[in-house]
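First comes the structure, then the notes that go with it.
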Amino acid sequence: MAFEAQIPMRWGDMDTYGHINNAVFVTYLEQARVAAFASRPTDQTGNRMLSSGIVVVEHTIRYRRQVPFSSTPLRAVLWIGEVKSASYTTHYELWNDSAQPPELAATASTILAPINFETGRPRRLTPEEREYLLSFTAPEGSD
Numbered sequence: 015m016a017f018e019a020q021i022p023m024r025w026g027d028m029d030t031y032g033h034i035n036n037a038v039f040v041t042y043l044e045q046a047r048v049a050a051f052a053s054r055p056t057d058q059t060g061n062r063m064l065s066s067g068i069v070v071v072e073h074t075i076r077y078r079r080q081v082p083f084s085s086t087p088l089r090a091v092l093w094i095g096e097v098k099s100a101s102y103t104t105h106y107e108l109w110n111d112s113a114q115p116p117e118l119a120a121t122a123s124t125i126l127a128p129i130n131f132e133t134g135r136p137r138r139l140t141p142e143e144r145e146y147l148l149s150f151t152a153p154e155g156s157d
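To convert, note that position 22 of the sequence shown is 36 in the numbering used here; the numbers rise steadily by one, no gaps.
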C-alpha cells in the first residue's frame, strides 16, 4: 500500500517569487521517506534500514505547479518501485491540498542504496528488507 504523509511548509521555504523554492522539494521528499520508514511501529525493518545506512544515488523531480505558501501541509504519496539486489527506487507525488481542487505539484523518484557505515561500501538488501520495501505498493492509477 502507498504511504501518505502531511508535509508542513515553513515560511522560510518560500522564495522571492512568493512560491516554495524548488530546492526545498528535496527536503520534502526526505521527510516523506523517513516518515514512511518510521510508520510501522510493529515492524522495525524500516527503522533498522535508516539507522544502518542508506544513501541517495539519484533524485529526479518534475515540477508541475507552483506552490504558494500555505498553512495547509502538502500531501506526499510515496511508494517503492523497482527493487534490485543493492538499490531501490522510491516514487513520490506531492499534492497541494490548499488548491481547490487539489493540484499535483510535483512527481519525483529517488534511487537509494544501502551502505555499510563502517566500511563505507554498498551492501546487498536482505530478504527481509526487500519484502518490507515491496509492501509499499503503487497507488491505483499511478504511472
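All C-beta atoms in this analysis are idealised placements derived from N, C-alpha and C, irrespective of residue type, glycine included.
Treat the numbers as computed from the prediction; the structure is a model and nothing was measured.
Practice task
Could you check if Met-15 is buried or exposed, using at least 16 other CB atoms within 10 Å of its CB as the buried criterion?
Solution key: By the neighbour-count criterion, in which a residue is buried when 16 or more other Cβ atoms sit within 10 angstroms of its Cβ, Met-15 is exposed.
Practice task
Select from Asn-36, Met-28, Thr-74, Val-97 the residue whose C-alpha is nearest the C-alpha of Leu-148.
Solution key: The shortest Cα separation from Leu-148 among Asn-36, Met-28, Thr-74, Val-97 belongs to Val-97.
Exercise for the section: Pick helix, strand or coil for Gln-45, following the three-state DSSP scheme. Expected result: If DSSP states are grouped into helix, strand and coil, Gln-45 belongs with the helices.
Handout entry: contact_flag[the stretch 127-137, the stretch 78-93] where n(CB pairs < 8 Å) is 3 or more
Key = At 8 Å Cβ cutoff, the stretches do not touch.
Problem - Residue of Ser-112, Ser-123, Tyr-102 minimising C-alpha distance to Tyr-42 - result: Comparing Cα positions, the closest option is Ser-123.
Practice task
For Thr-121, write down the residues that DSSP places opposite it in a beta bridge.
Solution key: Note: Thr-121 sits in a beta bridge opposite Arg-76, Glu-107.
Problem - Spatial distance of Glu-18 from Ala-46 (CA atoms) - result: Rounded to the nearest angstrom, the two C-alpha atoms are 8 Å apart.
Handout entry: Heavy atom of the ligand HEM within 7 Å of Phe-51 beta-carbon
Key = This structure lacks the ligand HEM, and indeed carries no ligand of any kind.
Exercise for the section: Spatial neighbours of Arg-78 within its chain, please: CB distance less than 8 Å, with the 5 preceding and 5 following residues excluded, ordered by chain position. Expected result: Residues Glu-117, Leu-118, Ala-119, Ala-120, Thr-121 of the same chain have their beta carbon placed closer than 8 Å to that of Arg-78, with the five preceding and five following residues left out of the count.
Problem - Arg-89, enclosing beta strand (DSSP E) - first and last residue - result: It spans 88-97 - the beta strand (DSSP E) in which Arg-89 sits, taken as one unbroken run.
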